[in-house]
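J.:
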Amino acid sequence: MTLDLAEIQGTVLRNRPMPYFGAYLLFRIDDGEAARQGLARLLPQVTSARDWEAPADQAWINVVFTAEGLRRIGVPADIVAGFPLPFVQGMAARRVFLGDVGDSDPVNWDWPHGGNGFHLGLFLMGQSEEARDAKLAIGHEAMRGLPGIRLLSHLDVGIPPTMREHFGYVDGLSRPFIEGEGGEPQPGQDVTKAGEFVLGYENELGRIASAPGPEILWRNGTFISIRKIRQNVAAFRRFLRDNGDAPGGEEMVAAKMMGRWRSGCPLALSPDHDDPDIVADPLRRNAFRYREDDPDGRKTPVGSHIRRINPRDALDGTISDARTHRLLRRGSAYGPVLPEGSLEEDGEDRGIVLALINADPARQFEFVQSQWINDGDFVGEGSRSDPIIGRRDLTDDYSYPARPVRRRLKGLADFTVVRGGEHVFLPSLSALRWMTELPGGIGKPDAT
Ligand code: HEM
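Start counting the sequence shown at 339; every next residue gets the next number (the working numbering).
#1: Who are the near neighbours of A592 in its chain, counting only those whose CB is closer than 6 angstroms to its CB and skipping five residues on each side?
#2: Taking the alpha-carbon positions, what's the R568 to H451 distance?
#3: Name the DSSP beta bridge partners of I567, please?
#4: Could you say which of G506, N541, A361 lies nearest to M339 if we only look at CA atoms?
#5: Just to check my reading of the structure: D734 and L750 have Cβ atoms closer than 8 angstroms, yes? What is that Cβ distance to the nearest angstrom?
#6: Around the C-beta of A532, are 16 or more other C-beta atoms found within 10 angstroms, so that it is buried, or is it exposed?
#7: What's the C-alpha gap between P677 and I411?
#8: Output the residue ranges of the alpha helix (DSSP H) runs that lie fully inside the region 670-726 and measure 4 residues or longer, sorted by chain position.
#9: Skipping 5 residues on each side, what residues in its chain have a beta carbon closer than 8 angstroms to that of A769?
#10: To the nearest angstrom, how far is the alpha carbon of M773 from that of R374?
#11: On a CA-only basis, which of G551, A431, G455, F456 is nearest P444? Give me that one, please.
#12: Should L621 and P485 be called a contact, given that it needs their Cβ atoms to be closer than 8 angstroms?
#13: Per DSSP, Y362 is paired with what?
#14: Only counting the same chain, and skipping five residues up and downstream in sequence, which positions put a Cβ closer than 7 angstroms to that of A625?
#15: Are the C-beta atoms of P674 and some chain D residue less than 8 angstroms apart?
#16: Can you tell me whether V292 sits near the ligand HEM, meaning its C-beta is under 7 angstroms from at least one heavy atom of the ligand?
#17: Identify, in the order they occur along the chain, each residue of the same chain with its Cβ nearer than 6 angstroms to the Cβ of R729, setting aside the five sequence neighbours on each side.
#18: Check the C-beta distance from S670 over to G420 and give it rounded, since I have them as a contact under 8 angstroms.
#19: If you measure from the CB of L665, is any heavy atom of the ligand HEM nearer than 7 angstroms?
#20: In whole angstroms, what separates the C-alpha of G477 from that of Q396?
#21: Starting from R645, trace the alpha helix (DSSP H) both ways and give me its first and last residue.
#22: From what residue to what residue does the beta strand (DSSP E) around R746 run?
#23: Please tell me whether, using a cut-off of 7 angstroms, the distance from the CB of Y507 to the nearest non-hydrogen atom of the ligand HEM is below it.
#24: For the ligand HEM, is there a heavy atom less than 7 angstroms away from the beta-carbon of H492?
#25: Counting only the same chain and skipping the five closest in sequence on each side, list residues whose C-beta sits under 7 angstroms from that of F705.
#26: Is the separation between the beta-carbon of F753 and that of N581 shorter than 8 angstroms?
#27: Between V635 and the ligand HEM, is there a pair consisting of the residue's CB and a ligand heavy atom that are separated by less than 7 angstroms?
#28: Which residues mark the beginning and the end of the beta strand (DSSP E) in which W398 is found?
#29: Counting C-beta neighbours from all protein chains within 10 Å, is the total for E479 16 or more, i.e. buried, or is it exposed?
#30: Since I believe S766 is in contact with E345 (beta carbons under 8 angstroms), could you give me their beta-carbon distance rounded to a whole number of angstroms?
#31: Quick check on the burial criterion: 16 or more other C-beta atoms within 10 angstroms. Buried or exposed for M356?
#32: Given this structure, state the Cα-to-Cα distance separating I546 from Q702, to the nearest angstrom.
#33: I'd like the list of long-range same chain contacts for G506, defined as Cβ closer than 8 angstroms, with 5 residues on each side in sequence excluded.
#34: For D784 and G778, I'd like the C-alpha separation in whole angstroms.
#35: Any idea what DSSP makes of T385, helix, strand or coil?
#36: Can you give me the Cβ contacts of M487 inside the same chain, cut-off strictly under 8 angstroms, excluding the 5 residues immediately before and after it?
So this is what it looks like as structure tokens:
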């Protein structure tokens, strides 16, 4: 099985450099013809998976559309209507199902979404700030002189100088190996059917993942469920401090909430003390399972972030098989780092933007968000949610096995608040070319 690497936009299959400097540019389309012209200018700059490795300019551009964006550039409305429901409705419309309530309600979001004007997005990334900025200039240049396309938002993202996300964890360690991506899986890396992440290929259900309309539109494309999440770093640090009076101290609490020490070392491989040597070894840092070795979560609690979000083999033989709910996850930080040791917020906005790649957003992102992050029933934890990113309006406690008795942490705060989100479509290179030649779209006599 081989994937058409020259067709698939690079971010789907390829890892980012470390460190990297990225940006999200979100545009509104008011004229289909202008959007097609802008896209045609951008096309030579869009990086495929084949061309991802070390391009001459050390920088990359990928292009996405919301459902309304596809309609506005000229994809017939009846075709778009047949795309997956979460994409067609938009993430804000799914707020109750996703648990985006209270402060996380879309009325409080500060990032444009498909329901309020975001139609076309550019994701840019460079190995240096200069390389990223050079691509940014190209992105702006492509849209210059086209009043039918308006920039709504520019958000810089990347990996903080600490090389950790804002809560202090090393990130970006685990991801599935996609059949046909090239190379070999590493020890412990699940091999996943390509159709879980790219349309046009067989998925874990034995079907070819597809979408309506001509094959050129959807083949080698995929969906990204994006979440912009603000992190309340001071609240998280205060929680660790207030609960750090047990063996292992604050670092043990942080590890039991995540399932990895903040160094990235998995509890599954070193449950009693941190071992950064394990993280440094790509052959060891993901080489673990839960079912045989740790069925009750004595090492990696069943409710910890990484175990609930990817239970690996722990649920084999139950009705929810982890292989059909996988997400390819690309996280980038935004905002300045809260100075080390500070336990008070400084008024700055900081957090993470997650690009969760999936071919079936209902079965993948929405299932994980609603059943595994915001509920704990699947592991016998009642309505207890993810201790780091879960909603708190139903329960605010978290417990894990410890000696001599189970440890129960109470009063989990809202460590995270959703600030934006959307399901977007990432077309193949051929689909993008096809879209530049469409008739119609918004602003034309046959506009939809
Ligand atoms: C503030 C928000 C979040 C933070 C700080 C965060 C942090 C982390 C960290 C540090 C890891 C371990 C490193 C790794 O395995 O690569 C991880 C793993 C992961 N996270 Fe999150 N995460 C956040 C939100 C989310 C959300 C919203 C989702 C999905 C809906 C998600 C999905 C995953 C997945 C799939 C893994 C890999 C687990 C594995 O394969 O073992 N995360 N996250």
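Ideal Cβ positions, reconstructed from N, Cα and C, are used throughout, including at glycine.
T.: Looking at the atomic coordinates:
#1: L578, R600.
#2: Computed Cα separation, rounded: 16 angstroms.
#3: Looking at the DSSP output, I567 shares a beta bridge with I690, V756.
#4: Considering only alpha carbons, the answer is N541.
#5: The distance from the Cβ of D734 to that of L750 is about 5 angstroms, consistent with a contact at the 8 angstroms cut-off.
#6: Buried.
#7: For the pair P677 and I411, the Cα-to-Cα distance works out to about 45 angstroms.
#8: Complete alpha helix (DSSP H) runs here, min 4: none at all.
#9: Within its own chain, the residues whose Cβ lies closer than 8 angstroms to the Cβ of A769, once the five positions on either side in sequence are excluded, are I554, L555, W556, R557, N558, G559, listed in chain order.
#10: Taking the straight line joining both Cα atoms gives about 7 angstroms.
#11: Relative to the Cα of P444, the nearest Cα in the group G551, A431, G455, F456 belongs to A431.
#12: Not closer than 8 angstroms, so no.
#13: Answer by DSSP bridge pairing, in chain order: F461, L493.
#14: Correct list, in chain order: P525, G526.
#15: Of the chains in the structure shown, none is chain D; there is only one protein chain.
#16: Residue 292 lies beyond the residue range present for the chain, which begins at 339 and ends at 786; the question has no answer from this structure.
#17: So the qualifying residues of the chain are G437, N712, S723.
#18: Taking 8 angstroms as the upper bound for CB-CB distance, S670 and G420 are not in contact here, some 32 angstroms apart.
#19: Indeed, a heavy atom of the ligand HEM lies less than 7 angstroms from the Cβ.
#20: About 15 angstroms.
#21: Start and end: 643-647.
#22: From DSSP, the beta strand (DSSP E) with R746 extends over 745-747.
#23: A distance criterion of 7 angstroms places the beta-carbon of Y507 in contact range of the ligand HEM, judged by its closest non-hydrogen atom.
#24: Checking every heavy atom of the ligand HEM against the Cβ of H492, none is found closer than 7 angstroms.
#25: Closer than 7 angstroms at the Cβ level, and outside the excluded window around F705, lie H663.
#26: For F753 and N581, no; Cβs fall outside 8 angstroms.
#27: A quick correction: the sequence has Gly, not Val, at residue 635. Proximity of the beta carbon of G635 to the ligand HEM is not indicated: no heavy atom of the ligand is located closer than 7 angstroms.
#28: Start and end: 397-403.
#29: E479 is exposed by the Cβ-count criterion.
#30: Contact holds; Cβ gap of about 4 angstroms.
#31: Within a 10 Å sphere around the beta-carbon of M356 sit fewer than 16 other beta-carbons, which makes this residue exposed.
#32: Taking the straight line from one Cα to the other gives about 16 angstroms.
#33: If you ignore the 5 residues before and after G506, its C-beta comes within less than 8 angstroms of the C-beta of T500, A592, R600, all in its own chain and listed in chain order.
#34: Since pLDDT at D784 reaches only 44, below the 50 mark, its modelled position is unreliable, and no value is offered.
#35: Judged by DSSP in its simplified three-state form, T385 adopts coil rather than helix or strand.
#36: The sequence given here places Ile at residue 487; Met does not occur at that position. So the qualifying residues of the chain are F365, R366, I367, D368, D369, A372, A373, G376, L458, M481.
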